[in-house]
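Protein chains: 2
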Amino acid sequence: MVALSTNGRREEKAVANIYDDKRIFPDFRSGPLEEYRERASFCYKRMNVVLEGEDHIRLKHKVWQWMEQHPDYQREPGSDLERTREMANKRQHLLWEQQFYGVNEYLGTPHLLLAFGQAIFSYDFSTSVKFGLSTGMFPSTLVSNGSGRLGKYVAKIADNRILGAYALTEISHGTNALGMRTRATYDVKREEFIIHTPDFEAAKCWVGNLGKTCTHAIVYAQLYVPDDKHQGLQAFLVPIRDERTLLPFPGVTVGDMGEKIGLNGIDNGFVMFNQYRIPKANLLSKTGDIDAQGNYTSKIKDERKRLGASLGALSVGRVNITAITYVALSKAVTIATRYAASRRQFGPTNSPAEWPVIEYQSQQYRLIPHLATTIALRVATLWIGKENVDLTMKGFTGEDTSQAGMEIHAISSALKPVATWAARDGIQECREACGGHGYLKSSGLGELRNDNDANCTYEGENNTLIQQASNWLISLRRNNADFVAVSPLETVSFLKDMDTILQSKGQEHTPAQVLDPLNLLNALNWLTIWHWIRR
Amino acid sequence: MVALSTNGRREEKAVANIYDDKRIFPDFRSGPLEEYRERASFCYKRMNVVLEGEDHIRLKHKVWQWMEQHPDYQREPGSDLERTREMANKRQHLLWEQQFYGVNEYLGTPHLLLAFGQAIFSYDFSTSVKFGLSTGMFPSTLVSNGSGRLGKYVAKIADNRILGAYALTEISHGTNALGMRTRATYDVKREEFIIHTPDFEAAKCWVGNLGKTCTHAIVYAQLYVPDDKHQGLQAFLVPIRDERTLLPFPGVTVGDMGEKIGLNGIDNGFVMFNQYRIPKANLLSKTGDIDAQGNYTSKIKDERKRLGASLGALSVGRVNITAITYVALSKAVTIATRYAASRRQFGPTNSPAEWPVIEYQSQQYRLIPHLATTIALRVATLWIGKENVDLTMKGFTGEDTSQAGMEIHAISSALKPVATWAARDGIQECREACGGHGYLKSSGLGELRNDNDANCTYEGENNTLIQQASNWLISLRRNNADFVAVSPLETVSFLKDMDTILQSKGQEHTPAQVLDPLNLLNALNWLTIWHWIRR
Ligand SMILES: Cc1cc2nc3c(=O)[nH]c(=O)nc-3n(C[C@H](O)[C@H](O)[C@H](O)COP(=O)(O)OP(=O)(O)OC[C@H]3O[C@@H](n4cnc5c(N)ncnc54)[C@H](O)[C@@H]3O)c2cc1C
Ligand SMILES: Cc1cc2nc3c(=O)[nH]c(=O)nc-3n(C[C@H](O)[C@H](O)[C@H](O)COP(=O)(O)OP(=O)(O)OC[C@H]3O[C@@H](n4cnc5c(N)ncnc54)[C@H](O)[C@@H]3O)c2cc1C
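Right under this line is the structure:
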């Protein structure tokens, strides 16, 4: 059954019936969890398949099985900063070479992108973020914002010969993206852009892969054309380091941000440019371009909208972050629930036997809501992930997706904060629920908390994102929007019945009625409208 | 004004008027905070003095000034585990040698113990916990639970020749202290105890200072006297390592717990004893003793009560933890508030000037409640710290303090969880409120979070402590207690008027009335009774 594939990797032939596949659903070892597993009122395998689908599960396990047997994917407790960086870098390259899910897979089975992402995040956040930046955010921005003239770079990425970064944030500007102060001045004579950092506050910073490893970065800079005319923020492909030696080019001062609270496998970096020249062709021209004389043209007149279009990658980013908070929380809840079922403390008087702490109501009260949140996040994640991929695919075929695009933007702006905060609180409760042993580094809970923490900040600081989502809701009301038309994903179409809903009263008389999802949904809709109307 | 003291330490003569002392209240450097400082409606120096008292402030600053100029107290970013351990150990020894606050100071000005503790915690949690275990918990348990026959050890501690640990927790038992399984069997023939660890689950673990540095530990073990008669859990002074070489003695298998989520300066350790013999005199005999034949006597008949008396150090521990969560939260809130006043993001349209983010309502809403909590914790900490010291002093003079002791036990069991959780949530909000830059290790917020995290677990896991405090309240009601008599500290004496309070209605008609502390207190009392009656 085991065969050695051409690239030396042992491959198992897939077992036709997934339920019989012991590498996916192994027999459990006997132990303290056995008793609780036997009491389960549902088949966990079926639940897994129903929620995720077979192909989703198979892809994840294929990746995990490869990682499990790969020497460079073994854990190394106590690694220092440099070693942690080195291993994350090595692992991301090894993963890329495996081509588990390349461009062809993406075009054929785009929905599995989510499964692939979750598979690698389950292993390690740093490796995954590095991988996501290099093989996702960087090339996809290049393709979606650039034009054919940058095709050779896309080929180099595919060959794993260059590694990219995405450089928007500066020392003094993060949330206020329009406030960035890096300059790109067009030099008509040499047909080049001069990239320049006016002062330290305008240094690009926090940029993943920039600290030590990237060869290129997509840099957002204020474009100036002849007569010092300002054309707003634009993205440029900027070479940072020599592809062979990784030495930075003259005019580029690049360095590492140093140790962080978490995610220390990623080399977040800063960069300052000193009158650094790049070819005219390196302007990512989809949202705006110049001719040889420096005359600027753009299909989008409003500068804010132009930036919005150019920052599309961040919207995808928010969908992905939601998906990985599911991974973080489910790992934490799994650790804590298993521990609670195994850990015994106190028992009947005069008996040496003790109760597993999961039997205490307070322990259940602490853990089970987070377990429920995990399932909710899993469902929400699969839904928004699918919608987002559908949208991208429709975009490829030229369909008008602007309405759904705005809705996903708003929904992901609400979902990302809610999901990352839910993971934050759940992981913390799990940490505490494991008592002293949960405080060991090897419990994994500290790392989950520290890594997830960044999710609250990047791709839009949570509090400012929540405002964006609220703005959308409020503007719908102010503009008396057609709630069905603005909501192809049906997230706010119920608002069309707001008057009826607001006047309705709960009719639940039995616990079963209260727990009926439809009644819960009605109650939630009522509450949403009530909050929304009060303002 | 500067004089070199005999031990080579530069000492400043105290400035008579504390407000003129620039080493305590230096002139602020000009910068972005200036504007906000000028707007203050109160004098921060007076507030400090009113809240803490001059001697409190002076002691803290004396410690800080010494640390600031000491080469071994400079920060070392990027230290690995071993180096972090080494420095915490060195710093705790150096601190001890300074005798800033020794036994004499304690007897003369006992209330300053809190100030001293807060001063060192402000610098570093690990150093302080090591110091607190070695110079507080270990000797005070020895003195309060032992008897004169262990006096030579007390002298050795004073000379900094031995270093102690407090070993209660085992691998399989934490909260359930009575369930400990380490055995101490009395051998009549040799008049010795045989300390023995029956299996791995009974290994002592998590014990601070045990991993690498302690020479002795107070070990809790089940006492067995002749005829295999079990006399319950007792504390023993157990030599662990040679005082000169720090090599463990034969029969003692001792090691380190490895890397933790935080507090990595402390060498938490585990130990297993193999038929390890200690002299009969090493039984801490205050709560129970044996004669040469092994006949056991104790003034306290009930085993639970005996353990309660012997674990008194943990009650003091909870008071101290409350005091240090104030330190942790105030550091975090200071960092985040200053950052919010300095960080600018967005501004009026078409203006390059931007607003400090503290001007945003949402940022205020996020930070100011935690600032208020900090003040509340400061007041609560000073109050319970003082009551606790008064209690200890009364105990020294032989006064009956059992009623106040029970009240402090209950109140500290409620306050410690509330305080540590408040710090946990506040530090996290501060981390997020600082955006990306808050995620740098050098922001200090990650370390505060990771170090404070342990406060939720040790000296009583928060959730189980809350239950203890509730038990006390419920039993008062069940027993129809005299609420004034059981509450010398007046924390629950208001319950005597419960019927009147419950029937009272809010009479506040203006915002000023609502904010009147007395009205707030009435409302809180009402709410407490309402919750308490409902059960
Ligand atoms: C681990 C990590 C990786 C990162 N990777 C990258 C990367 O690869 N590329 C890149 O370009 N960037 C990256 N970033 C930067 C990240 O995108 C920014 O940190 C983020 O956008 C927040 O911006 P800021 O840090 O400037 O926070 P700020 O905008 O300064 O926010 C500080 C505080 O002010 C509040 N605030 C700001 N504006 C308002 C407002 N209008 N109203 C109310 N409150 C407000 C915020 O809520 C926050 O509490 C990374 C950051 C981290 C931590
Ligand atoms: C950094 C650190 C330093 C420490 N230093 C020392 C030291 O110097 N000396 C020492 O002896 N110990 C030390 N400890 C151990 C510490 O005191 C214990 O971890 C603590 O008492 C909790 O016990 P536990 O870890 O066994 O948790 P458990 O008691 O196993 O608790 C696990 C979970 O079960 C729950 N639970 C337990 N019992 C009940 C119940 N009856 N009802 C409802 N829920 C329940 C708890 O709330 C918790 O969520 C240290 C621990 C840490 C983390």
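For the protein sequence lines, the chains are A and B, in the order given. Residue 1 is where the first sequence starts when you use the UniProt record's numbering, and the numbers rise one by one after that. Residue 1 is where the second sequence starts when you use the UniProt record's numbering, and the numbers rise one by one after that. The C-beta atom is built at its ideal place from N, Cα and C for all residues, glycine as well.
Got a sec: which bits of the region 438-461 of chain A sit with their beta carbon under 9 Å from any beta carbon on chain B, in order along the chain?
Gly438, Tyr439, Leu440, Lys441, Ser442, Ser443, Leu445, Gly446, Glu447, Arg449, Asn450, Asp453, Ala454, Cys456, Thr457, Tyr458, Glu461
Since Phe121 (chain B) and Ile324 (chain B) are thought to touch, with beta carbons under 8 Å apart, how far apart are those beta carbons, to the nearest angstrom?
On the second sequence, position 121 is the one that residue 121 (chain B) refers to. On the second sequence, position 324 is the one that residue 324 (chain B) refers to. Between Ile324 (chain B) and Phe121 (chain B) the Cβ distance is about 4 Å, and since that is below 8 Å, they are a contact.
Sequence-distant residues of the same chain with beta carbon closer than 8 Å to Thr171 (chain A), five excluded per side:
Taking the first sequence and counting its residues from 1, the one referred to as residue 171 (chain A) is at position 171. Reading off the sequence shown, one finds Ile at residue 171 (chain A), where the question assumed Thr. Correct list, in chain order: Phe200, Glu201, Ala202, Ala203, Cys205, Phe270.
Pro248 (chain B) by DSSP, collapsed to three states: which one?
Indexing the second sequence from 1 puts residue 248 (chain B) at position 248. In the structure shown, Pro248 (chain B) sits in a strand (DSSP, three-state: E or B).
Would a C-beta distance cut-off of 8 Å place Asn268 (chain A) and Gly211 (chain A) closer than the cut-off?
In the first sequence, residue 268 (chain A) corresponds to position 268, counting from 1. In the first sequence, residue 211 (chain A) corresponds to position 211, counting from 1. Contact: yes.
With respect to 7 Å, is the separation between the Cβ of Trp206 (chain B) and the closest non-hydrogen atom of ligand 2 below this value?
What you label residue 206 (chain B) is simply residue 206 of the second sequence in a count that begins at 1. Trp206 (chain B) Cβ: within cutoff of ligand 2.
Quick one: which residues of the region 333-359 of chain A get their C-beta closer than 8 Å to a C-beta of chain B? List them in chain order.
Listed in sequence order: Arg344, Gln345, Phe346, Glu354.
Using a 10 Å radius around the Cβ and a threshold of 16 neighbouring Cβ atoms, would you call Arg183 (chain B) buried or exposed?
In the second sequence, residue 183 (chain B) corresponds to position 183, counting from 1. Its Cβ being crowded by 16 or more others within 10 Å, Arg183 (chain B) is buried.
To which residues of the same chain is Asn7 (chain B) closer than 7 Å at the C-beta, ignoring the five residues directly before and after it?
By 1-based counting over the second sequence, the position of residue 7 (chain B) is 7. Per-residue confidence for Asn7 (chain B) stands at a pLDDT of 47, beneath the threshold of 50, marking its modelled position as unreliable; no derived number is given.
Which residues mark the beginning and the end of the beta strand (DSSP E) in which Thr185 (chain A) is found?
To locate residue 185 (chain A), count along the first sequence from 1; it is residue 185. Per DSSP, Thr185 (chain A) belongs to the beta strand (DSSP E) from 183-187.
Listed by chain order, chain B residues near Ile261 (chain A) by CB distance under 9 Å
On the first sequence, position 261 is the one that residue 261 (chain A) refers to. Simply Arg431, Gly438, Tyr439, Leu440, Lys441, Ser443, Leu445, Gly446, Glu447, Arg449, Asn450.
His111 (chain A), DSSP secondary structure in three states
Walking along the first sequence from the start, residue 111 (chain A) turns up at place 111. Of the three classes helix, strand and coil, the one that applies to His111 (chain A) here is coil, per DSSP.
How would you call Tyr44 (chain B), buried or exposed, if buried means at least 16 neighbouring beta carbons within 10 angstroms?
Here residue 44 (chain B) is taken as the residue at index 44 of the second sequence, counted from 1. That one is exposed.
Per DSSP, what kind of secondary structure is Ile466 (chain B) in: helix, strand or coil?
Taking the first residue of the second sequence as position 1, residue 466 (chain B) is located at position 466. Looking at Ile466 (chain B) - three-state DSSP - the assignment turns out to be helix.
Contact between the region 146-159 of chain A and the region 420-435 of chain A (3+ Cβ pairs under 8 Å)
no
Backbone CA spacing between Gln98 (chain A) and Val333 (chain B) [nearest angstrom]
Along the first sequence, one-based indexing puts residue 98 (chain A) at 98. Along the second sequence, one-based indexing puts residue 333 (chain B) at 333. So the alpha carbons of these two residues sit roughly 47 Å apart.
Does ligand 1 have a heavy atom nearer than 7 Å to the CB of Glu259 (chain A)?
To locate residue 259 (chain A), count along the first sequence from 1; it is residue 259. No, the Cβ of Glu259 (chain A) stays beyond 7 Å of every heavy atom of ligand 1.
Beta carbons nearer than 9 Å to chain A: which residues of the region 80-92 of chain B have them?
The residues in question are Asp80, Leu81.
Quick one, are the C-beta atoms of Leu114 (chain A) and Tyr101 (chain A) less than 8 Å apart?
The residue you call residue 114 (chain A) lines up with position 114 of the first sequence. The residue you call residue 101 (chain A) lines up with position 101 of the first sequence. Contact: no.
Would you say Thr457 (chain B) touches ligand 2, meaning its beta carbon is less than 7 Å from a heavy atom?
As a working mapping, residue 457 (chain B) is identified with position 457 in the second sequence. Within the cutoff, so yes.
What number of angstroms, rounded off, separates the C-alpha of Leu178 (chain B) from the C-alpha of Ala221 (chain B)?
Looking up residue 178 (chain B) in the second sequence gives position 178. Looking up residue 221 (chain B) in the second sequence gives position 221. Distance between the alpha carbons of Leu178 (chain B) and Ala221 (chain B) is about 10 Å.
Within chain A, the residues that Met257 (chain B) reaches when beta carbons sit closer than 8 Å
If you number the second sequence from 1, residue 257 (chain B) lands on position 257. Residues of chain A passing the Cβ test: Leu440.
Check whether the region 281-288 of chain B and the region 304-320 of chain B are in contact - that is, three or more C-beta pairs closer than 8 Å.
Using a C-beta cut-off of 8 Å, the region 281-288 of chain B makes contact with the region 304-320 of chain B, since at least three inter-stretch Cβ pairs fall below that distance.
Residue-level contact to chain B via CB, Thr169 (chain A), 8 Å cutoff:
By 1-based counting over the first sequence, the position of residue 169 (chain A) is 169. For Thr169 (chain A), the answer is yes, since a Cβ of chain B falls inside 8 Å of its Cβ.
Leaving out five residues on either side along the sequence, give the residues of the same chain with a beta carbon under 6 Å from the beta carbon of Tyr36 (chain B).
Reading the second sequence from its first residue, position 36 is the one you call residue 36 (chain B). These residues qualify, in order along the chain: Ala341.
Residue(s) in a DSSP beta bridge with His93 (chain A):
By 1-based counting over the first sequence, the position of residue 93 (chain A) is 93. DSSP lists no partner for His93 (chain A).
Give a yes or no on whether the minimum CB-CB distance between Asn7 (chain B) and chain A is below 8 Å.
Counting from one through the second sequence, the residue named residue 7 (chain B) turns up at place 7. Note on Asn7 (chain B): pLDDT 47, under 50, position unreliable in the model; no value is reported.
Closer than 8 Å, CB to CB, is Gly395 (chain B) near chain A or not?
Counted from its first residue, the second sequence places residue 395 (chain B) at position 395. No, no contact with chain A.
Does Tyr19 (chain B) pass the burial test, meaning 16 or more other C-beta atoms within 10 Å, or should it be called exposed?
Indexing the second sequence from 1 puts residue 19 (chain B) at position 19. With fewer than 16 other Cβ atoms within 10 Å, it is exposed.
Ser470 (chain B) Cβ short of 7 Å to ligand 2 heavy atom set
For the purposes of this step, residue 470 (chain B) is identified with residue 470 of the second sequence, where counting begins at 1. Outside the cutoff, so no.
Just confirm the distance between the C-beta atoms of Gly208 (chain B) and Ala165 (chain B), as a whole number of angstroms; I'd bet it's less than 8 Å.
The sequence position of residue 208 (chain B) within the second sequence is 208, counting from 1. The sequence position of residue 165 (chain B) within the second sequence is 165, counting from 1. Right, the Cβ-Cβ distance comes to about 6 Å (below 8 Å), so this counts as a contact.
Shorter than 8 Å from the beta carbon of Asp497 (chain B) to some beta carbon of chain A?
Residue 497 (chain B) sits at position 497 when you count from the first residue of the second sequence. No, no contact with chain A.
Would Trp530 (chain A) be called buried (16 or more neighbouring beta carbons within 10 Å of its own) or exposed?
Here residue 530 (chain A) corresponds to residue number 530 of the first sequence, with the count starting at 1. So Trp530 (chain A) counts as exposed.
Helix, strand or coil: which one does DSSP assign to Val2 (chain A)?
For the purposes of this step, residue 2 (chain A) is taken as the residue at position 2 of the first sequence. With a pLDDT of 38 at Val2 (chain A), under the threshold of 50, the predicted position of this residue should be treated as unreliable, though the coordinate-derived value follows. Of the three classes helix, strand and coil, the one that applies to Val2 (chain A) here is strand, per DSSP.
Measure the alpha-carbon distance for Thr253 (chain A) versus Asn452 (chain A) and round it to whole angstroms.
Against the first sequence, residue 253 (chain A) aligns to sequence position 253. Against the first sequence, residue 452 (chain A) aligns to sequence position 452. Computed Cα separation, rounded: 30 Å.
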